[in-house]
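Reviewing the structure listed below.
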Amino acid sequence: MTTRLTGPVFACVVVCSATCEPSEGPRIRQQDRAATTALPAGQTLALAPRALWWRANREGPYLVSPRFGPTAGRLLASGRVGRGLFLVERDQRPRALDSEYRGPARFGLRGTVCLSEGALGHRVVLALTEGVRRSARPGECEPPPGDGDLGRILYEDGSRRVIHNAMRGTIVIDDTGRGPVVVEERTPWSVRVSQNGRRVAYVVGSLGAPTLYVHDDDHGRRRLGRGAYPVWFPDGRTLIFAVPGPLVRRGGHSTVHASELHAWDAVAGNAWALTNTADLAEMQPAVAPDGGAVAFSDWRYGGLYIVPVTRRQQP
Numbered sequence: 046m047t048t049r050l051t052g053p054v055f056a057c058v059v060v061c062s063a064t065c066e067p068s069e070g071p072r073i074r075q076q077d078r079a080a081t082t083a084l085p086a087g088q089t090l091a092l093a094p095r096a097l098w099w100r101a102n103r104e105g106p107y108l109v110s111p112r113f114g115p116t117a118g119r120l121l122a123s124g125r126v127g128r129g130l131f132l133v134e135r136d137q138r139p140r141a142l143d144s145e146y147r148g149p150a151r152f153g154l155r156g157t158v159c160l161s162e163g164a165l166g167h168r169v170v171l172a173l174t175e176g177v178r179r180s181a182r183p184g185e186c187e188p189p190p191g192d193g194d195l196g197r198i199l200y201e202d203g204s205r206r207v208i209h210n211a212m213r214g215t216i217v218i219d220d221t222g223r224g225p226v227v228v229e230e231r232t233p234w235s236v237r238v239s240q241n242g243r244r245v246a247y248v249v250g251s252l253g254a255p256t257l258y259v260h261d262d263d264h265g266r267r268r269l270g271r272g273a274y275p276v277w278f279p280d281g282r283t284l285i286f287a288v289p290g291p292l293v294r295r296g297g298h299s300t301v302h303a304s305e306l307h308a309w310d311a312v313a314g315n316a317w318a319l320t321n322t323a324d325l326a327e328m329q330p331a332v333a334p335d336g337g338a339v340a341f342s343d344w345r346y347g348g349l350y351i352v353p354v355t356r357r358q359q360p
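Take the sequence shown: its letters are residues 46 to 360, numbered as in the numbering used here.
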């Protein structure tokens with residue numbers, strides 16, 4: 046069911062993210078078996094065997110919220126409960142870039158972090174609401190979409206805008222000629238838009254009971270079931286997400302102790318497991334721009350892993 050807006054809406058953006066602090070734990074054991082379950086007929090997206098998984102912080106800081114730069118070999122991550130900003134490069138220890146960074150999910154700190162690479166090497170831009178930019182020259186990263194009168198613009202082209210209004214708890218699609226339409230009004234979080242802007246994935250409910258939804262032009266809103274932290278594969282039709290277990294109390298706070306990654310095909314409507322681990326809690330997946338790797342944070346022990354994609358969804 047959709048609702049049309051008839052008046053202006055004022056936005057205040059607060060992005061939902063993890064506040065769980067991983068606990069100490071042993072290094073994982075290497076496994077030679079594949080880390081995927083059997084794939085449905087016609088599906089080709091899978092992850093490499095466990096022996097090929099690379100842990101970026103085996104002897105470094107706890108890392109959460111990975112996000113890739115322009116290439117699969119370099120990404121950004123936050124430290125414990127979003128404190129600190131780190132650069133992760135293949136076969137190198139994570140390097141601290143900003144110890145004062147508190148993450149865009151914190152109240153009063155809105156903005157984005159992006160990674161730019163060029164002939165002179167990499168630079169990091171930390172853009173805050175007050176216009177502060179650190180560690181880079183202005184203009185080296187493309188600016189994120191701005192705020193419109195309906196809220197934070199997540200996607201925009203010549204005919205469509207996808208807008209998340211965190212204060213009102215809505216997702217709005219504003220199409221030329223049709224006007225703004227509310228597609229969700231139950232305080233969604235972890236809102237992700239596919240590359241062509243036609244599909245929107247989001248989560249409703251608390252982290253203890255998260256329900257994953259997808260809205261697209263062909264099918265409207267579809268309920269996928271339990272899931273959190275969705276991210277679209279570059280093909281625009283395959284969704285990767287975490288399926289966390291129940292929250293447990295550890296160290297005075299609630300956290301996820303078990304979780305697996307799953308994939309879902311928006312065209313075929315099939316879902317399947319990408320991981321099958323008993324010693325990790327895979328959360329907050331990220332996909333490399335070329336689709337060649339998936340990164341995730343282990344919320345049980347704080348590891349950050351980069352995993353090659355061995356099979357891909359055919360276009």
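Even glycine gets a Cβ: it sits at the ideal position worked out from N, Cα and C.
I'd like to confirm the pairing. Which residues does DSSP put opposite residue i in its beta bridges?
{"i": "His260", "result": "Val245, Arg266"}
{"i": "Gly224", "result": "Asp220"}
{"i": "Tyr107", "result": "Paired residue(s): none; Tyr107 is not in a bridge."}
{"i": "Ala316", "result": "Trp309"}
{"i": "Pro289", "result": "Ser304"}
Residue j and residue i - do their beta-carbons sit closer together than 7 angstroms?
{"i": "Arg205", "j": "Ile198", "result": "no"}
{"i": "Gly127", "j": "Arg147", "result": "yes"}
{"i": "Val352", "j": "Val339", "result": "yes"}
{"i": "Glu305", "j": "Val293", "result": "no"}
{"i": "Leu108", "j": "Ala91", "result": "no"}
{"i": "Asp219", "j": "Arg243", "result": "no"}
{"i": "Asn241", "j": "Gly281", "result": "yes"}
{"i": "Ala318", "j": "Val301", "result": "no"}
{"i": "Asn210", "j": "Gly196", "result": "yes"}
{"i": "Leu142", "j": "Leu160", "result": "no"}
{"i": "Arg95", "j": "Gly118", "result": "no"}
Under three-state DSSP, which class holds residue i?
{"i": "Leu97", "result": "helix"}
{"i": "Val133", "result": "strand"}
{"i": "Val126", "result": "helix"}
{"i": "Trp344", "result": "coil"}
{"i": "Phe278", "result": "coil"}
{"i": "Pro233", "result": "coil"}
{"i": "Asn321", "result": "coil"}
{"i": "Ala311", "result": "coil"}
{"i": "Glu201", "result": "strand"}
{"i": "Asn210", "result": "strand"}
{"i": "Asp192", "result": "strand"}
{"i": "Thr355", "result": "strand"}
{"i": "Ala303", "result": "coil"}
{"i": "Pro67", "result": "Note that Pro67 scores a pLDDT of 38, beneath 50, so its modelled location is shaky and nothing firm can be said."}
{"i": "Tyr350", "result": "strand"}
{"i": "Gln240", "result": "coil"}
{"i": "Glu327", "result": "strand"}
{"i": "Ala333", "result": "coil"}
{"i": "Gly283", "result": "For the sequence presented, residue 283 should be read as Thr rather than Gly. Three-state DSSP puts Thr283 in a strand."}
{"i": "Arg119", "result": "strand"}
{"i": "Arg295", "result": "strand"}
{"i": "Thr215", "result": "strand"}
Excluding the five sequence neighbours on either side, which residues of its own chain have a C-beta within less than 6 angstroms of the C-beta of residue i, listed in chain order?
{"i": "Val238", "result": "Leu199, Tyr200, Val207, Val245"}
{"i": "Thr116", "result": "none"}
{"i": "Pro291", "result": "none"}
{"i": "Trp99", "result": "Ile351"}
{"i": "Gln137", "result": "none"}
{"i": "Val133", "result": "Ala101, Leu120, Ala122, Pro139"}
{"i": "Thr232", "result": "Gly214"}
{"i": "Pro279", "result": "Gly336"}
Identify, in the order they occur along the chain, each residue of the same chain with its Cβ nearer than 8 angstroms to the Cβ of residue i, setting aside the five sequence neighbours on each side.
{"i": "Tyr274", "result": "Ser235, Val248, Phe286, Ala287, Met328, Gln329, Pro330"}
{"i": "Thr283", "result": "Leu90, Trp277, Ala308, Trp309, Asp310, Ala311, Gln358"}
{"i": "Pro255", "result": "Val248, Val249, Arg271, Gly272, Ala273, Pro289"}
{"i": "Tyr258", "result": "Glu229, Pro233, Ala246, Tyr247, Val248, Val249, Arg266, Arg267, Arg268, Leu269"}
{"i": "Leu97", "result": "Val352, Pro353"}
{"i": "Gly203", "result": "Thr221"}
Counting only the same chain and skipping the five closest in sequence on each side, list residues whose C-beta sits under 7 angstroms from that of residue i.
{"i": "Arg356", "result": "Thr89, Leu90, Ala91"}
{"i": "Asn102", "result": "Leu108, Pro139, Gly348, Leu349"}
{"i": "Ser251", "result": "none"}
{"i": "Gly105", "result": "Arg138, Pro139"}
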